[in-house]
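Take 64 as the starting number for the sequence shown in the numbering used here and just add one per residue. Glycine is no exception: its CB is placed at the ideal position from the N, C-alpha and C atoms. Okay, structure first, notes after.
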Amino acid sequence: MQFHHHGYVSGDPRVQNAAGTGLDRPAELPDEVDVLIVGSGPAGMLLAAQMSQFPQLTTRLIEKRDGRLALGQADGIQPRSVETFQAFGFADRITAEAYNIGWMNFWAPDPENPDRIVRTSRTEDYGFKISEFPHLIVNQARVLDYFAEAAAHGPARLTPDYGVEFLGLEVRADDVEVRVGTAAGERTIRARYVVGCDGARSGVRQAIGRTHVGAAARHAWGVMDVLVETDFPDWRIKCAINAAAGNILHIPREGGYLSRMYIDLGEVAADDDHRVRQTPIEEVIRRANEILHPYSIDVKQVAWHSVYEVGHRVTDQFVDDLESPRVFLTGDACHTHSAKAGQGMNVSMQDGFNLGWKLGHVITGLAPAELLRSYDAERRPVAQQLIDFDREWSSLMARKPGEITDPAELATYYLATAEFPSGFGTHYAPSRIVAGDAAQELASGFPVGKRFQSVEVVRVCDGNAVHLGHHAKADGRWRIYAFADADGSALRKWASQAQEIVERFTPAGADLDAVFDVKAVFPGRWEDVVDVPALFRPRSGPLGLTDPEKVFAAAPSAWTSSDIFAERGIGAQGAAVVVRPDQYVAHVLPLDDPQGLERFLAGVMATPVAASTPARS
Numbered sequence: 064m065q066f067h068h069h070g071y072v073s074g075d076p077r078v079q080n081a082a083g084t085g086l087d088r089p090a091e092l093p094d095e096v097d098v099l100i101v102g103s104g105p106a107g108m109l110l111a112a113q114m115s116q117f118p119q120l121t122t123r124l125i126e127k128r129d130g131r132l133a134l135g136q137a138d139g140i141q142p143r144s145v146e147t148f149q150a151f152g153f154a155d156r157i158t159a160e161a162y163n164i165g166w167m168n169f170w171a172p173d174p175e176n177p178d179r180i181v182r183t184s185r186t187e188d189y190g191f192k193i194s195e196f197p198h199l200i201v202n203q204a205r206v207l208d209y210f211a212e213a214a215a216h217g218p219a220r221l222t223p224d225y226g227v228e229f230l231g232l233e234v235r236a237d238d239v240e241v242r243v244g245t246a247a248g249e250r251t252i253r254a255r256y257v258v259g260c261d262g263a264r265s266g267v268r269q270a271i272g273r274t275h276v277g278a279a280a281r282h283a284w285g286v287m288d289v290l291v292e293t294d295f296p297d298w299r300i301k302c303a304i305n306a307a308a309g310n311i312l313h314i315p316r317e318g319g320y321l322s323r324m325y326i327d328l329g330e331v332a333a334d335d336d337h338r339v340r341q342t343p344i345e346e347v348i349r350r351a352n353e354i355l356h357p358y359s360i361d362v363k364q365v366a367w368h369s370v371y372e373v374g375h376r377v378t379d380q381f382v383d384d385l386e387s388p389r390v391f392l393t394g395d396a397c398h399t400h401s402a403k404a405g406q407g408m409n410v411s412m413q414d415g416f417n418l419g420w421k422l423g424h425v426i427t428g429l430a431p432a433e434l435l436r437s438y439d440a441e442r443r444p445v446a447q448q449l450i451d452f453d454r455e456w457s458s459l460m461a462r463k464p465g466e467i468t469d470p471a472e473l474a475t476y477y478l479a480t481a482e483f484p485s486g487f488g489t490h491y492a493p494s495r496i497v498a499g500d501a502a503q504e505l506a507s508g509f510p511v512g513k514r515f516q517s518v519e520v521v522r523v524c525d526g527n528a529v530h531l532g533h534h535a536k537a538d539g540r541w542r543i544y545a546f547a548d549a550d551g552s553a554l555r556k557w558a559s560q561a562q563e564i565v566e567r568f569t570p571a572g573a574d575l576d577a578v579f580d581v582k583a584v585f586p587g588r589w590e591d592v593v594d595v596p597a598l599f600r601p602r603s604g605p606l607g608l609t610d611p612e613k614v615f616a617a618a619p620s621a622w623t624s625s626d627i628f629a630e631r632g633i634g635a636q637g638a639a640v641v642v643r644p645d646q647y648v649a650h651v652l653p654l655d656d657p658q659g660l661e662r663f664l665a666g667v668m669a670t671p672v673a674a675s676t677p678a679r680s
């Protein structure tokens, strides 16, 4: 963590200096805003935290509840989400209070006595096999709390406007007229852009005439968060349980005592008319005990419960207008599915992460409005992938014992598909913000269109081992990682020209690294790195202090055995890797082609004329 570059900081360094609209933020909703976020779910709160990094803009979040969410339904946190939390500054704290999924056990009927269940297999969870971040379970409410803190501590000092209900909107030529209801009555707000983060029954989606496409499966599940006494031996391990009486997905929760159970309630009749949702909790508990036989649970407290029917739906389009969008949909407002795969909250947060920096760049003039077209183009295919995965997983979980020909099939599927449920399966197609892969062989371990996967490196200024990707914060900036050639000569030539390119797309009067955070990684020993180009030692802040933490080395040291060049397939000729503000690789370029970098940025960025960039504390 870096601070002090704007002057000595004696308090909590996570609280950034207020700037712009955060200096005198009015308590009351203004009549005009740049961005209006409707709903304080995972996508909405992440979006608020991101927009707080753009204090030049007026962003407000409205929520019809009177206050924070006390008990959230979602709880599964995939490694990609923890990676995102790292960018927002709270991965370590939420990991400390969460349940870490290390294993998954599988239970099935005892071949000698099918009325009883026995453990059939145990497999390691995919979390640490895929990344340095774990697979966690933690209440959605706590996730929202952390994003709320990040938003409130950002330069814009963004906090939700509770007790404000969305009533309707009208899209006009240059803005959106939004009707809201408050305790004082109905009023109208004009917003340049509106983002619907208001759930499966989204009023924003209805207002722009978008519809869900898909159908509900005729299968019901009961879900409950419970405190119990039990003789079931795997109560604190994630389990998939298949029995003659039905199926259970069992997930331990944070805190050491709480667990969540998804209990199979069977097929639903075509004429049920959702009556299954009225199933009493006593019946859900009875079914759970029937499935667990010969084990049992004595439920001491039910923290939360519900009954739902599996549904798989994707909205026909995630924006009001594909060519010139003014209204955007995120999360459950544009994709719904079952809860058992633990994907909903995670994909929703990535919706918000994808959209936030784009709104910030367009409204501040850093990028043309056409950039906003990419939101629907990128996120709708991801939502469809989610639906396809969830449909397959739900079908496998709902099978009866007689339908299972391979007892190991579920465990095999769980591991074979790990990349997607971990959150790392997203691969954006080529576009104006994702280049082709013509030079992919220069950095084969950083696939263009996929998220930037961190590796440990050695920071040259102090010799400490750090994760390269963890240095990147969710501050709305692009990252450019320049991996040096063997003797550094190509890097020096590239840096000289790249600095001119960076300056061209940086607002006048802003710091050199205000929009592009450019770092150098050398293949040799950190002690031997000298003669570093000025691009990698920029001055920033009102004091004009040199930033020493942009230069790294790859060779193993006393503190790490990693070699990022070997692990990510970077050869002796080096490479430049361009990474978007939402951590996805946008381009891989040879060091002898700085003009390629210029061409790419010219298609992405506008040529700014004033200092209107995100503020950093």
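Three-state class that DSSP yields for residue i in the structure shown
i	result
Ser73	coil
Ala678	A caution first: Ala678 carries a pLDDT of 41, below 50, which makes its placement in the model too unreliable to give a value.
Val78	coil
His368	strand
Phe229	strand
Thr475	helix
Thr84	helix
Lys582	strand
Met324	strand
Lys192	helix
Ser620	strand
Thr569	coil
Lys556	helix
Asp525	coil
Ile627	helix
Ala689	Beyond the ends of the chain as shown, which are 64 and 680, falls residue 689; an answer cannot be given.
C-beta atoms of residue i and residue j nearer than 8 Å
i	j	result
Asp188	Ile164	yes
Phe509	Val640	yes
Leu199	Ala159	no
Val518	Ala616	no
Ala214	Ala112	yes
Asn409	Tyr438	no
Val578	Arg602	no
Leu505	Val382	no
Leu654	Ala553	yes
Gly287	Val347	In the sequence under discussion, the amino acid at residue 287 is Met, which differs from the Gly named in the question. Yes, they are a contact pair.
Val227	Ala283	no
Thr378	Thr274	yes
Alpha helix (DSSP H) segment containing residue i, residue limits
i	result
Trp420	Gly407 to Ile426
Ala150	Pro142 to Phe151
Arg264	From DSSP, Arg264 is part of no alpha helix (DSSP H); its letter is neither H nor E.
Asp208	Gln203 to His216
Asn352	Ile344 to Leu355
Phe663	Pro657 to Val667
Asp155	Ala154 to Glu160
Nearest residue (CA-CA) to residue i, options the options
i	options	result
Ala137	Ala617, Asp129, Arg205 and Ile450	Arg205
Gly130	Asp208, Met167, Ile271 and Ser265	Asp208
Lys556	Ile627, Leu478 and Gly637	Gly637
Leu124	Pro93, Ala150, Phe153 and Ile140	Pro93
Ile543	Ala561, Lys127, Pro431 and Gly152	Ala561
Gly319	Asp414, Asp155 and Trp298	Trp298
Ala479	Gly266, Leu99, Leu109 and Lys192	Lys192
Nearest-angstrom beta carbon gap, residue j and residue i [assumed within contact, 8 Å]
i	j	result
Ser115	Ala211	Not really, about 10 Å apart at Cβ, beyond 8 Å.
Gly394	Cys260	6 Å
Pro118	Gly85	5 Å
Val331	Glu386	Not confirmed; about 41 Å, so no contact.
Ile496	Arg643	6 Å
Lys463	Val648	44 Å between Cβ atoms; not a contact.
Val581	Val565	6 Å
Asp87	Leu120	Actually they are not in contact, since the Cβ atoms of Asp87 and Leu120 sit about 15 Å apart, beyond 8 Å.
Val370	Gly285	5 Å
Ile300	Trp166	5 Å
Range of the contiguous beta strand (DSSP E) that encloses residue i
i	result
Val390	Val390 to Leu392
Asn305	Lys301 to Ala306
Ser184	Asn176 to Glu187
Asp237	Careful: Asp237 lies outside any beta strand (DSSP E) and carries neither H nor E.
Leu652	Val648 to Leu652
Gln167	Reading off the sequence shown, one finds Met at residue 167, where the question assumed Gln. Element bounds for Met167: Trp166 to Asp173.
Contact with chain B by residue i, beta-carbon distance below 8 Å
i	result
Ala219	Chain labels in this structure do not include chain B; a single protein chain is all it has.
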